[in-house]
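A quick write-up on the structure given underneath.
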Amino acid sequence: MEKSKHGKRNHREDGNTGRGRGKGRPSGGSSMKTNPGGMKNENALQPPNASTSVMNVIRKKVDPETAKYFLEISNLFDNKEIDLEDRSTICANALEETKGKELELVTDGVISHTLQILVQGCDLEQLCMFLRSCIQSFHVIAMDKFGSHVAEAALKALATHLEDDSSRVIVEEILNRICKNIAADATNVMCSCYGSHVLRTLLCLCKGVPLDSLQNFHTTKRSAVLAERLSGGSSRPGDQNLTSFEHGFPDMFKTFVRQMLQNAKNDISTLLTEKNSSLVLQTVLKLSAGDDDELNHIISILLGYDEDDNAQKKDYNEQKNKIVALLEDTAYSHLLEVIIDVAPEELRSNMLIGTLKGALFAISSHHCGNYVVQALISSAKTADQMKQIWEELGPNIKELLERGKSGVVASILAACQRLETNRLEISEALSAAITSDSESSGSIVARILFLENFLREKSYWKWPLGVKMSVLGCLMLQSIFQYPHQYIRQYVTSLLALDNDQILQIAKDPGGSRVLEAFLCSSATTKRKFKVF
1 MEKSKHGKRN HREDGNTGRG RGKGRPSGGS SMKTNPGGMK NENALQPPNA STSVMNVIRK
61 KVDPETAKYF LEISNLFDNK EIDLEDRSTI CANALEETKG KELELVTDGV ISHTLQILVQ
121 GCDLEQLCMF LRSCIQSFHV IAMDKFGSHV AEAALKALAT HLEDDSSRVI VEEILNRICK
181 NIAADATNVM CSCYGSHVLR TLLCLCKGVP LDSLQNFHTT KRSAVLAERL SGGSSRPGDQ
241 NLTSFEHGFP DMFKTFVRQM LQNAKNDIST LLTEKNSSLV LQTVLKLSAG DDDELNHIIS
301 ILLGYDEDDN AQKKDYNEQK NKIVALLEDT AYSHLLEVII DVAPEELRSN MLIGTLKGAL
361 FAISSHHCGN YVVQALISSA KTADQMKQIW EELGPNIKEL LERGKSGVVA SILAACQRLE
421 TNRLEISEAL SAAITSDSES SGSIVARILF LENFLREKSY WKWPLGVKMS VLGCLMLQSI
481 FQYPHQYIRQ YVTSLLALDN DQILQIAKDP GGSRVLEAFL CSSATTKRKF KVF
């Protein structure tokens with residue numbers, strides 16, 4: 001087979017002519033077909049259906065001539081033989097060669113890599129032509145090990161055209177058709193490790209999230225969220241300037257989410273605890289932050305109420321045992337943490353009063369549930385809410401530290417300062433948890449600086465050399481030194497009791513240096529600050 005410098009395929013004299021599929025070229029080839037009922041026509045593609053169980057996937061080897069053609073195209077890119085001005089033309093010509101066999105090619109392990117390059121290098125018109133040909137089977141492509149990468153590359157290529165007003169109509173038309181296809185098979189796509197990733201990108205694209213911000217909505221590291229909460233910043237995705245995403249399609253996004261939830265309504269209990277689907281639901285919630293009507297609708301469904309019921313008006317006691325039990329599941333605890341972060345204020349308040357009241361300490365002691373309590377503490381908006389939390393957790397500060405749930409204690413310290421309530425109580429409770437009645441308070445700061453190390457060794461603990469200081473311990477002290485001086489005298493005295501070498505070691509540690517900075521900005525007297533330095 002010969003090819004031109006623009007990647008146009010010169011066909012043999014077999015009845016096929018032109019750049020794409022000629023009249024004599026068959027169009028039924030597919031490497032990944034659904035065949036749920038032993039259908040005689042193996043080329044028939046099953047319509048997407050949310051109730052469909054695992055589909056029987058039949059892979060078909062790409063014909064040698066087509067495989068050779070795409071290998072040559074791949075070599076052109078690998079060898080950097082393509083001029084910049086020719087790139088778009090070559091990509092367009094190569095994509096035309098996929099007509100009639102898109103599913104077969106995008107799910108091929110080798111050719112899929114080439115197609116990723118092609119969809120990113122072609123113009124919008126050619127990209128949309130390719131996607132239109134794939135839409136009927138887009139849900140299958142999204143769930144495929146290789147096809148998912150092509151799907152995601154194509155979606156990201158679409159995203160580059162969102163700021164061009166002249167392109168929005170065609171982009172919207174393509175996205176709308178893709179959303180309908182995915183929504184029809186929502187459960188399967190959400191639960192697929194590949195489909196979940198593609199779906200999260202699609203949701204972000206509908207909302208107008210910039211490409212460089214996609215990762216913020218795909219997944220979030222709990223350590224990063226905790227650091228943001230304790231540093232005084234907002235942990236709420238709704239505060240990430242979603243309103244500045246000017247190039248999305250908000251109505252399409254809402255319709256898409258509602259269609260998915262409607263089609264997956266019989267599988268909600270599975271979606272809550274399945275890792276991949278939980279990630280999709282977390283993305284939906286983050287992207288819906290700030291839209292209280294939509295959040296009430298979504299959260300009411302996720303918490304187990306009928307779609308027509310408003311969750312904020314329901315008695316959460318009905319769901320309490322179920323929710324608390326589910327919090328032992330990692331995927332569900334991640335999801336509920338996001339629900340608490342984004343929930344409208346009245347709904348969040350009712351959740352605190354109704355669902356979790358009386359169970360906070362038990363949940364805090366769990367390796368998954370404690371993050372939900374941290375989110376609840378950080379989302380408290382009033383002193384009264386914080387006092388309710390303190391009533392349950394305040395008497396258990398020592399137990400929380402001993403059980404390794406320092407993040408909960410750190411969250412309480414930060415929230416008490418933010419809301420200016422219970423600061424004396426938490427200050428004294430932390431001091432009592434770190435030192436016994438027979439010990440002086442002079443070692444408080446040292447022990448908190450190396451919190452986990454101290455809790456492990458306790459009775460024989462000594463100041464360690466060359467050991468990184470506790471991240472959570474340092475965050476606690478940063479919060480403490482923001483308190484009024486009359487509440488933290490023992491902590492200031494303890495810091496002043498450290499020798500010069502220890503102060504120098506603190507200053508050299510990333511977390512320790514921030515503790516010293518917090519002390520310098522504290523309400524301690526200037527004389528005491530000078531004494532440290």
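Using full-length UniProt numbering, the first residue of the sequence shown is number 1, and each one after it goes up by one.
Ideal Cβ positions, reconstructed from N, Cα and C, are used throughout, including at glycine.
Here the structure is a predicted model, which is why all the values come from computation and not from measurement.
| query | In the structure shown, what three-state DSSP assignment does Ala-410 receive? | reply | For the purposes of this step, residue 410 is identified with residue 410 of the sequence shown, where counting begins at 1. Helix at Ala-410.
| said: For His-139 and Val-189, I'd like the C-alpha separation in whole angstroms. | reply: Translated into the one-based positions of the sequence shown, residue 139 becomes position 139. Translated into the one-based positions of the sequence shown, residue 189 becomes position 189. Each residue's Cα considered, the two are about 7 Å apart.
| Taking Cβ positions, are Leu-465 and Val-515 nearer each other than 9 Å? | As a first step, residue 465 is located in the sequence shown; it is residue number 465 there, counting from the start. As a first step, residue 515 is located in the sequence shown; it is residue number 515 there, counting from the start. No, the Cβ-Cβ distance between Leu-465 and Val-515 is not below 9 Å.
| How close, in whole Å, do the beta carbons of Lys-207 and Phe-253 come, if the pair is a contact with beta carbons under 8 Å? | Translated into the one-based positions of the sequence shown, residue 207 becomes position 207. Translated into the one-based positions of the sequence shown, residue 253 becomes position 253. Contact holds; Cβ gap of about 5 Å.
| query | Where does Ile-82 fall in DSSP's three states? | reply | Locating residue 82 in the sequence shown gives position 82, where the first residue counts as 1. Residue state, collapsed to three classes: coil.
| said: Using only CA atoms, which one of Gly-407, Arg-132, Ile-182, Arg-87 lies nearest to Leu-475? | reply: As a first step, residue 475 must be located in the sequence shown, where it is residue number 475. Among Gly-407, Arg-132, Ile-182, Arg-87, the Cα nearest to that of Leu-475 is on Gly-407.
| Three CB pairs or more closer than 8 Å across the region 380 to 387 and the region 449 to 458 | no
| request: Taking all protein chains shown into account, decide if Ser-213 is buried (16 or more other Cβ within 10 angstroms of its Cβ) or exposed. | output: Residue mapping note: residue 213 aligns to position 213 of the sequence shown, counting from 1. Classification of Ser-213: exposed, given that the 10 Å Cβ count is below 16.
| C-alpha gap between Glu-517 and Asp-78, whole angstroms | Taking the first residue of the sequence shown as position 1, residue 517 is located at position 517. Taking the first residue of the sequence shown as position 1, residue 78 is located at position 78. Going by the C-alpha atoms only, they are around 52 Å apart.
| request: Tell me, please, whether the region 84 to 92 touches the region 101 to 113 by the rule of three or more beta-carbon pairs shorter than 8 Å. | output: no
| request: Could you check which residue in Cys-179, Val-119, Lys-381 has the C-alpha nearest to that of His-161? | output: Here the question's residue 161 lines up with position 161 in the sequence shown. Of the candidates Cys-179, Val-119, Lys-381, the one whose C-alpha sits nearest the C-alpha of His-161 is Val-119.
| Alpha carbon to alpha carbon, what distance is there between Met-469 and Pro-510? | Your numbering for residue 510 matches position 510 in the sequence shown. Your numbering for residue 469 matches position 469 in the sequence shown. When rounded, the distance between both Cα atoms is 8 Å.
| query | Does the Cβ of Arg-489 have 16 or more other Cβ atoms within 10 Å, making it buried, or fewer, making it exposed? | reply | For the purposes of this step, residue 489 is taken as the residue at position 489 of the sequence shown. Classification of Arg-489: exposed, given that the 10 Å Cβ count is below 16.
| field | Where the alpha helix (DSSP H) through Ala-359 begins and ends | value | Within the sequence shown, numbered from 1, the residue matching residue 359 stands at position 359. From DSSP, Ala-359 is part of no alpha helix (DSSP H); its letter is neither H nor E.
| Contact set for Glu-345: own chain, Cβ-Cβ below 8 Å, skip 5 residues either direction | The residue labelled residue 345 in the question sits at position 345 within the sequence shown. Lys-381, listed in sequence order.
| Spatial distance of Leu-520 from Lys-529 (CA atoms) | Within the sequence shown, numbered from 1, the residue matching residue 520 stands at position 520. Within the sequence shown, numbered from 1, the residue matching residue 529 stands at position 529. Approximately 6 Å between the Cα atoms of the pair.
| Exposed unless 16 or more other CB atoms sit within 10 angstroms - verdict on Asp-499 | The sequence position of residue 499 within the sequence shown is 499, counting from 1. Exposed, because fewer than 16 other Cβ atoms sit within 10 Å of the Cβ of Asp-499.
| Hey, how far is the Cα of Ala-429 from the Cα of Gly-394? | What you label residue 429 is simply residue 429 of the sequence shown in a count that begins at 1. What you label residue 394 is simply residue 394 of the sequence shown in a count that begins at 1. Distance between the alpha carbons of Ala-429 and Gly-394: 7 Å.
| field | Rounded separation between Lys-398 and Lys-531 - CA only | value | Reading the sequence shown from its first residue, position 398 is the one you call residue 398. Reading the sequence shown from its first residue, position 531 is the one you call residue 531. So the alpha carbons of these two residues sit roughly 31 Å apart.
| task | Measure the Cβ-Cβ separation of Cys-368 and Leu-401 and say whether it is below 9 Å. | result | The residue labelled residue 368 in the question sits at position 368 within the sequence shown. The residue labelled residue 401 in the question sits at position 401 within the sequence shown. No. Outside cutoff.
| How would you write the range of the alpha helix (DSSP H) that Gly-195 sits in, first residue to last? | Here residue 195 refers to the residue found at position 195 of the sequence shown. 193 to 207 is the extent of the alpha helix (DSSP H) around Gly-195.
| said: Tell me which residues share the same chain as Gln-482 and place their Cβ nearer than 6 Å to its Cβ, disregarding the 5 neighbours each side in the sequence. | reply: Walking along the sequence shown from the start, residue 482 turns up at place 482. Gln-417.
| said: Am I right that Phe-217 and Leu-287 are in contact with their C-beta atoms under 8 Å? What's the rounded C-beta distance? | reply: If you number the sequence shown from 1, residue 217 lands on position 217. If you number the sequence shown from 1, residue 287 lands on position 287. With a Cβ gap of about 6 Å, Phe-217 and Leu-287 count as contacting.
| field | Separation of Val-150 from Ser-364, as counted between CA atoms | value | Here residue 364 refers to the residue found at position 364 of the sequence shown. Here residue 150 refers to the residue found at position 150 of the sequence shown. Their backbone Cα atoms lie some 42 Å apart in a straight line.
| query | Buried or exposed: where does Asn-370 fall if 16 or more other Cβ atoms within 10 Å of its Cβ makes it buried? | reply | Residue mapping note: residue 370 aligns to position 370 of the sequence shown, counting from 1. Result: buried.
| field | Cβ-based neighbour list, Met-143, same chain, cut-off 7 Å, excluding 5 preceding and 5 following | value | To locate residue 143, count along the sequence shown from 1; it is residue 143. Within the same chain, Met-143 has close Cβ partners Asn-188, Val-189, Ser-192, Tyr-194, Gly-195.
| message | Using the Cβ count rule (16 or more neighbours within 10 Å means buried), how would you classify Ala-44? | response | Indexing the sequence shown from 1 puts residue 44 at position 44. Legend: pLDDT at Ala-44 = 35, less than 50; position of this residue unreliable, value from coordinates given subsequently. It is exposed - the Cβ of Ala-44 has fewer than 16 other Cβ atoms within 10 Å.
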